[in-house]
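Numbering (full-length UniProt numbering), first residue to last: 1 to 89.
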């Protein structure tokens, strides 16, 4: 079945450093680069509903760009992009 990106890439906030008026983006402790988050949905029927969607954090100097939704998915009104998360089946 596979995994699918199911949201947009957003910055992860540093809740300890942020205030209501001044949000501060979280930085990776090793590289100092910003941390980003994207929702990834596992389409396997063997995965419990509560575990279907997880937030994946990405360390990158600039916000990663999601690939475009494939035409076959877009024609069905589905906003999903298949991804390889590097986990063996």
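Heads up, the beta-carbon is just placed ideally off N, CA and C, and yes, glycines get one too.
Beta-carbon spacing of residue i, residue j below 8 Å
i          : j          : result
residue 33 : residue 59 : yes
residue 30 : residue 6  : no
residue 81 : residue 15 : no
Among the options, nearest to residue i - alpha-carbon criterion
i          : options        : result
residue 13 : 57, 52, 40, 69 : 57
residue 10 : 78, 52, 69, 23 : 23
residue 8  : 43, 21, 55     : 55
residue 2  : 44, 28, 68     : 44
Buried versus exposed, by CB contacts within 10 Å (16 or more), residue i
i          : result
residue 49 : exposed
residue 76 : exposed
Residues bridged to residue i [DSSP beta-bridge criterion]
i          : result
residue 11 : 36
residue 78 : Paired residues: none, contrary to the question.
residue 59 : 35
residue 27 : 34
Decide if the stretch 29 to 46 is in contact with the stretch 57 to 74; the criterion is three or more beta carbon pairs, one per stretch, under 8 Å apart. These segments touch.
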